[in-house]
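Numbering (our numbering), first residue to last: 993 to 1089.
For glycine and all other residues, C-beta sits at the position ideal for the given N, C-alpha and C.
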Amino acid sequence: MWDSCLENGVATLACVPIIIKNIINAALAFAGIAALILIIYAAFQYTTSKGDQAKIDSAKKTLTYAIIGLIVIFLSFFIVSLISQLTGVKQIANPSI
C-alpha cells in the first residue's frame, strides 16, 4: 500500500490519500466501538433502574443516541464511498472497519 507513494523510501504527496484513508478507518472504528459501549451501558442502566422512571428514561435516551450515532457512522461510510467514486480517488473508496 505504501510502496505506491514512496520515492526512495521518502513519502510524497501521493501518500496523502492513504493517510486520509487510515484516519477515516480509525475514526469509523472508534465511533463504532463507542456506540457499542453506549448500547451496553444503556442496557446496564435499564436493567439496574429498578423501576425508577427517571433512570429508565435516561437509559432510553442513551440507547436512542447510540443508535442515531450508529446510523451516522454508516451514513458517513456511504458518503465517503460516494465522494471517492465521484472524485476518482480510489484509496479511500473502501474504508475497512
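Rounded C-alpha distance that separates residue i from residue j
| i | j | result |
| --- | --- | --- |
| I1031 | Y1057 | 9 Å |
| C997 | A1027 | 34 Å |
| F1069 | T1004 | 26 Å |
| Q1037 | I1048 | 7 Å |
| L1078 | P1009 | 15 Å |
| A1034 | A1006 | 43 Å |
Alpha helix (DSSP H) segment containing residue i, residue limits
| i | result |
| --- | --- |
| S1050 | Q1045 to T1079 |
| T1004 | Per DSSP, T1004 belongs to no alpha helix (DSSP H) and is neither H nor E. |
From the options, residue whose alpha carbon lies closest to that of residue i
| i | options | result |
| --- | --- | --- |
| G1024 | I1065, Y1033 and S1073 | I1065 |
Environment of residue i [buried if 16+ CB atoms lie within 10 Å]
| i | result |
| --- | --- |
| A1051 | buried |
| A1019 | exposed |
| K1013 | buried |
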